[in-house]
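The structure under discussion appears below in the form of structure tokens.
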Amino acid sequence: MRHCKDNKLFHVNFFDEKDGTFAQFRKVLDARMKYLLAKGLGTKQKKADAISEEDEEMLWSSGVFGQSNSTTLQYTVFYYACKMFGLRGPRCMYNIFETYLNMLGNDGCFYRKPLAMVGNTIRYGKQPLGVNKLEGLMKEMCQKAGLTGNYTNHSGKRTCATALYKAGLDEQTIMDRTGHRSLAVRAYKSKTDEIEQKVSSVLNPPSIDTVSVTHNELEVEEPPFKCTKLEPVNTENSANCRDISTRLKCLNDITNTSGTVNFNNCNFSFT
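Position one of the sequence shown corresponds to residue 2 (our numbering), numbered consecutively onward.
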């Protein structure tokens with residue numbers, strides 16, 4: 002390809018399926034690509050990292066975001082233009098954009114080169130930011146805030162989709178905001194610490210605290226009767242005991258006779 006370009010052979014196209022000249026080349030290349038993919042080469046895509054809420058707060062607290070000077074204001078406008086609107090308080094996007102547009106004079110290019118002027122903290126020149134500068138703006142601001150990761154301009158869109166997924170919004174609503182026309186928006190789903198913790202909780206073995214019956218929780222059923230301590234009975238003062246003694250005395254009179262005593266077909270009634 003480089004040889005053709007260096008020799009200005011622009012009419013040669015190896016990937017034109019209508020041209021049978023390089024059909025064998027395309028066949029071999031396709032087979033080789035499938036072989037490498039099966040080996041796991043080239044399957045890992047380098048994706049832009051989403052900016053978490055903690056990272057976003059660091060951008061504010063570190064002074065990278067704000068309205069203190071031309072650069073910080075431009076960083077803030079650029080990031081939230083990539084992400085979304087609707088913040089409140091001192092970070093209200095309406096005030097930030099209004100200030101930015103007023104500094105531009107509502108004329109010319111939207112992203113211009115910040116000027117460091119004495120006595121005027123916010124001022125922009127007429128010259129627009131270069132393409133390379135604009136493409137690396139997200140990476141530049143994240144590095145200034147001390148964030149580590151693969152942050153590119155695409156991180157803004159990824160952050161938007163990730164935040165909407167995390168909030169539980171349906172895919173159609175997310176697609177309307179991000180502009181996707183297919184389910185490719187699912188690639189913007191990012192695992193969070195909360196999701197990882199929930200997954201681990203589900204897959205963990207049951208805790209000993211969750212056992213339904215423990216030694217301390219076992220209940221011993223009470224016996225149908227209770228053992229009570231027998232108290233001595235005063236036979237002289239108890240009417241019941243006197244009655245029982247009288248009955249026993251009658252039996253003694255019968256059984257204490259001399260000789261053999263036989264009882265046949267007798268009915269005994271004790272009252």
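Note that the Cβ used here is the ideal one computed from N, Cα and C, for glycine as well.
Assigned secondary structure, residue i (DSSP; H/G/I helix, E/B strand, else coil)
i	result
His216	The predicted position of His216 is uncertain, since its pLDDT is 47 and thus under 50; a value taken from the coordinates is nonetheless stated next. Of the three classes helix, strand and coil, the one that applies to His216 here is coil, per DSSP.
Lys114	strand
Glu18	coil
Asn103	helix
Phe66	coil
Gly87	Residue confidence is low: Gly87 scores 41 on pLDDT, short of 50, so the model does not pin down where it sits. Its coordinate-derived value is still stated next. Gly87: coil per DSSP, three-state reduction.
Phe98	helix
Val13	coil
Ala49	coil
Cys93	coil
Glu222	Unreliable positioning characterises Glu222 in this predicted model, as indicated by a pLDDT of 49, which lies under 50. The coordinate reading is nonetheless provided below. In the structure shown, Glu222 sits in coil (DSSP, three-state: anything other than H, G, I, E or B).
Asn268	coil
CB of residue i within 8 angstroms of CB of residue j, strictly
i	j	result
Leu135	Tyr166	no
Thr163	Ala51	yes
Cys161	Lys84	yes
Val186	Glu197	no
Arg27	Phe16	yes
Ala49	Arg159	yes
Leu116	Asp56	no
Lys145	Leu130	no
Asp20	Asn14	yes
Gly150	Lys127	no
Delimiting residues of the alpha helix (DSSP H) encompassing residue i
i	result
Ser62	Glu54 to Ser62
Leu74	Ser71 to Cys83
Lys6	Arg3 to Asp7
Ala291	Outside the modelled stretch of the chain, which goes from 2 to 272, sits residue 291, for which no answer is possible.
Within the chosen definition, does the stretch 121-140 reach the stretch 148-155 through at least 3 CB pairs nearer than 8 angstroms?
-> Touching, yes, given that three or more Cβ pairs across the two stretches are closer than 8 angstroms.
The stretch 70-84 touching the stretch 118-132, judged by at least three CB pairs closer than 8 angstroms = Yes, since at least three Cβ pairs between the stretch 70-84 and the stretch 118-132 fall closer than 8 angstroms, the two stretches touch.
Any beta strand (DSSP E) of 3 or more consecutive residues that is wholly inside the stretch 117-201 = With a minimum length of 3 residues, the continuous beta strand (DSSP E) runs that stay inside the stretch 117-201 are 125-129.
Can at least three beta-carbon pairs, one atom from the stretch 75-83 and one from the stretch 58-67, be found at a separation below 8 angstroms?
-> Segments in contact, yes.
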